[in-house]
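Engineer:
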Amino acid sequence: MKRYIIRRFIFGVIVVWIVSVMIFLATRIGPDPALMIASPGADEAELNSIRERFGLNEPLPVQYFIFIKKVLQADFGESIYYGLPVAEILWQRLPASLMLVGTAKFISLSFGILAGVLAARRRTGFTNNLLRWFSFLGLSMPNFWIAMLLILIFSVQLKLLPTGGYGTFWHLLMPAFSLGWYFSAGYTRLTESSLLQVLNSEYIKLCRVKGLTELSVVGKHALKNALIPVVTLAGMNIVLMISGAVAVEMVFAWPGLGLLMYHGAIYRDFNVVQAVILFISAMMVFMNLVVDILYAYLDPRIRYD
Amino acid sequence: MEKVGDAGFKKHPIGAGPYKFVEIVPGVKLVGEAFEEYWRKVPHVKRLEFHIIPEPATRLAMVKRGEADIGTLMQGVFYEDLKKSPNLRMLAPLSPVRWITYLTTQWDPKSPWADPRVRQAASLAIDRQTLADVHMPGCGPVGAIGLEGDPLAVDFPPPPYDPEKAKKLLTEAGYPKGFHGGKFYPYQGGYWPYGEQIATYWKAVGITVETVLLDKPALLAMREGGKMKGGIFIDNPTSPTIGGRLSTLFSGGSYGNYPDIQALWEQYRKETTPQGRKELITRIQKLIHERTMWIPLTSTNSPAAIGPRVKGNPYKIQPLIWFTVPFEDIELVN
Chain P
0 MKRYIIRRFI FGVIVVWIVS VMIFLATRIG PDPALMIASP GADEAELNSI RERFGLNEPL
60 PVQYFIFIKK VLQADFGESI YYGLPVAEIL WQRLPASLML VGTAKFISLS FGILAGVLAA
120 RRRTGFTNNL LRWFSFLGLS MPNFWIAMLL ILIFSVQLKL LPTGGYGTFW HLLMPAFSLG
180 WYFSAGYTRL TESSLLQVLN SEYIKLCRVK GLTELSVVGK HALKNALIPV VTLAGMNIVL
240 MISGAVAVEM VFAWPGLGLL MYHGAIYRDF NVVQAVILFI SAMMVFMNLV VDILYAYLDP
300 RIRYD
Chain R
0 MEKVGDAGFK KHPIGAGPYK FVEIVPGVKL VGEAFEEYWR KVPHVKRLEF HIIPEPATRL
60 AMVKRGEADI GTLMQGVFYE DLKKSPNLRM LAPLSPVRWI TYLTTQWDPK SPWADPRVRQ
120 AASLAIDRQT LADVHMPGCG PVGAIGLEGD PLAVDFPPPP YDPEKAKKLL TEAGYPKGFH
180 GGKFYPYQGG YWPYGEQIAT YWKAVGITVE TVLLDKPALL AMREGGKMKG GIFIDNPTSP
240 TIGGRLSTLF SGGSYGNYPD IQALWEQYRK ETTPQGRKEL ITRIQKLIHE RTMWIPLTST
300 NSPAAIGPRV KGNPYKIQPL IWFTVPFEDI ELVN
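Protein sequences, first through last, are from chains P and R.
Heads up: the first sequence begins at 0 in numbering that gives the first Met the number 0, then just goes up one per residue.
Heads up: the second sequence begins at 0 in numbering that gives the first Met the number 0, then just goes up one per residue.
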């Protein structure tokens, strides 16, 4: 198990390094970054001063070496737009992002699993149909559209929740729901199909023959195995959730990493863009590692050693 | 600055304005508190908060709900929505931006755009009033790139919408069936529909273009890097004076010029007498207009949603500034 984790960790470091090369090249190989930063009509002297300020006049390998050396010291350079260290802005935005993604994950998983179990246990009837429709709707509508609808209903019409911004629990509800609904629909369908498969297996029949209660059969013996694909999907979905959060954060003006990346792209702040992407990729690698460890807990058959 | 250094100053700046710095969260909000000893007057509003809300629908909803008092940049559908909101007021100060179409191949004798009749046809093919009504309500057609009130700017009437005359001019120029005008780069993101409508007007008279939609970073990098050569793009000179505008269009951001206009421009730059400068820049503007060197399109504005708590017109002092200044003049009803 230990060797497996170390191996996966090294693999993750390589992935992050590849991402760093790709994002570095993407911001340098395209149009001259100095042209993107400079004001319209800038002369060569202004462009040269920008190139010098951001080290853009060095050869690419030297630029990359300086960039990666600084990244290893948690220094992502200076934000072109805000004029502050990128790392400082990143840490400032991180709690809001984690809070949003964490709450959306909690909403999507708790609802998705509960609804999936209910749907698997009751194949027909009103509840099942309602859950299916709810899942279908969540999968069909883009999250920014859901966000707009929620604002219209709960803020403008009912005047129950704040429209945008950050600060209280009430500010969090609509953004987290907009982000979580889509994913909860997927978890509902996956939990349902996976649980149905497990409920038809031999060991579950044995549990029933032994006279265990239905709650114990489903909750203790079946659900644990049925959740393996759900956990896998939940881990993989982290990155989708963070990238999906860009649109939700924009609509609700939620000050997370997504909004920071959006502003970075709009204001041509390539230092911010590369820092956010690198940070998200590192988070992704870490989450995958956590998912791998969870496998071992959920399924005793998995023996990595 | 000596005590806290550059980084410290950025975190807690001190100025001489009507509001004291309280808090900044970069890209999220800026909070200021009234400076009671401000020389001009004591600010009426004791605490000002500026929140960056990228989505206009959210900004408008916040003003409707009373979470914000002023929401800026309410363009397009939001402008119409705002006009229908009974509790809100809409104020739309004009911005100093003039949209123009820049034809980069007009100096290439082989290009159809080299013929002034073709450029004039392209100008007459555009229904500027509809363009403004649809995409920039409250704005209107313009015929010059200079601003009203600029003593050196010459005002020309906006060219009329005359597609029949445009077709006639194209026929006279040797393009009775029209021609392909090259790549066309509308201005970034939110303004793409504005550019697409221009392409539609041109198509109606026989000028087809290949519309290329680019986001702001790519668009500006291409525009400044000279990579739009051979194409057409929408430009937005922002300098408040005609001299500043021409300087941007003739120097760093130039894709070419006519030798006589360039010579006059060089003369203008060296000229020191006010009268001489005025004469030269007037001649330059007339030549630009006669040759349809650039196609002026419409003025632009910044419609804002004003909530019921705001008293009077917060734009009253400097109408050409996009945003609500001076802040010390903003008053609330209660």
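In this text, a Cβ means the ideal position worked out from N, Cα and C, and glycines have one as well.
1. Report all residues from its chain with a CB closer than 8 Å to the CB of L213 (chain R); omit the five preceding and five following residues, and keep chain order.
2. Would you say T57 (chain R) reaches chain P, if we count a Cβ-Cβ gap shorter than 8 Å as a contact?
3. Would A143 (chain R) and A152 (chain R) qualify as a contact pair, given that the criterion is a beta-carbon distance under 8 Å?
4. Is F232 (chain R) helix, strand or coil when you go by DSSP?
5. Helix, strand or coil for E330 (chain R) per DSSP?
6. Within the 8 Å Cβ cut-off, does V155 (chain P) reach chain R?
7. Locate the beta strand (DSSP E) running through V70 (chain P), then write down its first and last residues.
8. With a CB to CB cut of under 6 Å and the five nearest residues on each side skipped, what residues in its chain are close to M0 (chain R)?
9. Quick one, which of P:T26, P:L293, P:V247 has its alpha-carbon nearest W144 (chain P)'s?
10. Pull up the distance between the alpha-carbon of L256 (chain P) and that of K285 (chain R), whole angstroms please.
11. DSSP on Y37 (chain R), reduced to helix/strand/coil?
12. Assuming E223 (chain R) contacts L149 (chain P) under a Cβ cut-off of 8 Å, what Cβ separation, rounded to an integer in Å, is found between them?
13. Work out the CA separation of V289 (chain P) and W90 (chain P) for me, nearest whole Å.
14. In terms of residues, what are the limits of the beta strand (DSSP E) holding N300 (chain R)?
15. Under 8 Å by Cβ, that's how I've got F251 (chain P) and M173 (chain P) pegged, so tell me the actual separation to the nearest angstrom.
16. Of all Cβ atoms in chain P, is any one closer than 8 Å to the Cβ of G229 (chain R)?
17. At a CB distance below 7 Å, what residues from the region 61-92 of chain R approach chain P? Give them in sequence order.
18. Would you kindly check if the distance between the Cβ of A225 (chain P) and the Cβ of S193 (chain P) is under 8 Å?
19. Rounded to whole angstroms, what's the CA-CA distance from K223 (chain P) to S134 (chain P)? Just pull it up for me.
20. Could you give the DSSP three-state label for A15 (chain R): helix, strand or coil?
21. Could you say which of R:G26, R:P42, R:R97 lies nearest to E32 (chain R) if we only look at CA atoms?
22. Taking T367 (chain P) and L117 (chain P) to be in contact with their CB atoms under 8 Å, please state how far apart those CB atoms are, rounded to whole angstroms.
23. What residues in its chain sit with their C-beta under 6 Å from that of A120 (chain R), if we drop five residues either side in the sequence?
24. Measuring only the C-alpha atoms, how far is P159 (chain R) from F77 (chain R)?
25. Mind checking whether V100 (chain P) and I241 (chain P) have CB atoms under 8 Å apart?
26. For R50 (chain P), write down the residues that DSSP places opposite it in a beta bridge.
27. Could you compute how far the alpha carbon of R276 (chain R) sits from the alpha carbon of I283 (chain R)?
28. So, using beta-carbon positions, are L258 (chain P) and G26 (chain R) closer together than 8 Å?
29. Any C-beta of chain R sitting closer than 8 Å to the C-beta of L83 (chain P)?
30. Can you tell me the Cα-Cα spacing of E51 (chain P) and I36 (chain P), whole angstroms?
31. Which complete beta strand (DSSP E) runs does the region 150-211 of chain R hold, if anything under 3 residues is left out?
32. If we define contact as Cβ-Cβ less than 8 Å, is P161 (chain P) a contact residue for chain R?
33. Which runs of the alpha helix (DSSP H) spanning at least 4 residues fall entirely within the region 142-203 of chain P, listed in chain order?
34. What would DSSP say about P84 (chain P), mapped onto helix, strand or coil?
35. For E265 (chain R), which residues from the same chain have a beta carbon less than 8 Å from its beta carbon, with the 5 sequence-adjacent residues on both sides left out?
36. Between Q273 (chain P) and F23 (chain P), which are expected to be in contact by the criterion C-beta below 8 Å, what is the C-beta distance as a whole number of angstroms?
Structural biologist: So, from the data block:
1. As a working note, residue 213 (chain R) is residue 214 in the second sequence. Counting only Cβ-Cβ distances below 8 Å, and skipping sequence neighbours, we find Y184, Q187, M221.
2. What you label residue 57 (chain R) is simply residue 58 of the second sequence in a count that begins at 1. By this cut-off, T57 (chain R) is an interface position.
3. As a working mapping, residue 143 (chain R) is identified with position 144 in the second sequence. As a working mapping, residue 152 (chain R) is identified with position 153 in the second sequence. In this structure, A152 (chain R) lies closer than 8 Å to A143 (chain R) by Cβ.
4. Stepping through the second sequence from its first residue, residue 232 (chain R) is reached at position 233. F232 (chain R): strand per DSSP, three-state reduction.
5. Position 331 of the second sequence, counting from 1, holds the residue named residue 330 (chain R). Looking at E330 (chain R) - three-state DSSP - the assignment turns out to be strand.
6. Within the first sequence, the letter at position 156 stands for residue 155 (chain P). At a cut-off of 8 Å between C-beta atoms, V155 (chain P) counts as an interface residue with respect to chain R.
7. As a position in the first sequence, residue 70 (chain P) is number 71, starting the count at 1. Not the beta strand (DSSP E): V70 (chain P) falls in the alpha helix (DSSP H), residues 59-71.
8. For the purposes of this step, residue 0 (chain R) is identified with residue 1 of the second sequence, where counting begins at 1. So the qualifying residues of the chain are F8.
9. Along the first sequence, read from residue 1 onward, the residue named residue 144 (chain P) stands at position 145. Comparing Cα-Cα distances from W144 (chain P) to each of P:T26, P:L293, P:V247, the minimum goes to P:V247.
10. Indexing the first sequence from 1 puts residue 256 (chain P) at position 257. Indexing the second sequence from 1 puts residue 285 (chain R) at position 286. In a straight line, the C-alpha of L256 (chain P) is about 51 Å away from that of K285 (chain R).
11. Stepping through the second sequence from its first residue, residue 37 (chain R) is reached at position 38. Coil.
12. Along the second sequence, one-based indexing puts residue 223 (chain R) at 224. Along the first sequence, one-based indexing puts residue 149 (chain P) at 150. In fact, because the Cβ distance is near 41 Å, the residues do not count as touching under 8 Å.
13. As a first step, residue 90 (chain P) is located in the first sequence; it is residue number 91 there, counting from the start. As a first step, residue 289 (chain P) is located in the first sequence; it is residue number 290 there, counting from the start. Cα to Cα, the separation comes out at about 22 Å.
14. Translated into positions along the second sequence, residue 300 (chain R) becomes position 301. Segment 293-300, the beta strand (DSSP E) holding N300 (chain R).
15. The count along the first sequence starts at 1 and reaches residue 251 (chain P) at position 252. The count along the first sequence starts at 1 and reaches residue 173 (chain P) at position 174. Right, the Cβ-Cβ distance comes to about 6 Å (below 8 Å), so this counts as a contact.
16. Translated into positions along the second sequence, residue 229 (chain R) becomes position 230. No, its Cβ sits nowhere closer than 8 Å to a Cβ of chain P.
17. M61, K63, R64, E66
18. In the first sequence, the residue the question calls residue 193 (chain P) occupies position 194. In the first sequence, the residue the question calls residue 225 (chain P) occupies position 226. It is a contact, given that the beta carbons lie within the stated cut-off.
19. The count along the first sequence starts at 1 and reaches residue 223 (chain P) at position 224. The count along the first sequence starts at 1 and reaches residue 134 (chain P) at position 135. C-alpha separation (whole angstroms): 22 Å.
20. By 1-based counting over the second sequence, the position of residue 15 (chain R) is 16. Coil.
21. The residue you call residue 32 (chain R) lines up with position 33 of the second sequence. Nearest of R:G26, R:P42, R:R97 to E32 (chain R), Cα basis: R:P42.
22. Limits of chain P in this structure are 0 at one end and 304 at the other, which puts residue 367 (chain P) out of reach.
23. Here residue 120 (chain R) corresponds to residue number 121 of the second sequence, with the count starting at 1. Counting only Cβ-Cβ distances below 6 Å, and skipping sequence neighbours, we find A165, L168, L169.
24. In the second sequence, residue 159 (chain R) corresponds to position 160, counting from 1. In the second sequence, residue 77 (chain R) corresponds to position 78, counting from 1. Straight-line Cα distance between these residues: approximately 28 Å.
25. In the first sequence, counting from the first residue as 1, residue 100 (chain P) sits at position 101. In the first sequence, counting from the first residue as 1, residue 241 (chain P) sits at position 242. Going by C-beta atoms, V100 (chain P) is nearer than 8 Å to I241 (chain P).
26. Walking along the first sequence from the start, residue 50 (chain P) turns up at place 51. Within the DSSP secondary-structure output, R50 (chain P) pairs in no beta bridge.
27. Translated into positions along the second sequence, residue 276 (chain R) becomes position 277. Translated into positions along the second sequence, residue 283 (chain R) becomes position 284. Computed Cα separation, rounded: 11 Å.
28. Against the first sequence, residue 258 (chain P) aligns to sequence position 259. Against the second sequence, residue 26 (chain R) aligns to sequence position 27. Yes, these two residues count as a Cβ contact at 8 Å.
29. Position 84 of the first sequence, counted from the first residue, corresponds to residue 83 (chain P). Closer than 8 Å to the CB of L83 (chain P) there is at least one CB belonging to chain R.
30. Walking along the first sequence from the start, residue 51 (chain P) turns up at place 52. Walking along the first sequence from the start, residue 36 (chain P) turns up at place 37. Their Cα atoms are separated by approximately 13 Å.
31. Fully enclosed beta strand (DSSP E) runs of 3 or longer: 178-184, 206-210.
32. What you label residue 161 (chain P) is simply residue 162 of the first sequence in a count that begins at 1. Under the Cβ criterion of 8 Å, P161 (chain P) is counted among the residues facing chain R.
33. 142-149, 168-198
34. Taking the first sequence and counting its residues from 1, the one referred to as residue 84 (chain P) is at position 85. Note: P84 (chain P) maps to strand in three-state DSSP.
35. Indexing the second sequence from 1 puts residue 265 (chain R) at position 266. Here the set comprises nothing.
36. Position 274 of the first sequence, counting from 1, holds the residue named residue 273 (chain P). Position 24 of the first sequence, counting from 1, holds the residue named residue 23 (chain P). Indeed they touch by this definition, with Cβ atoms about 7 Å apart.
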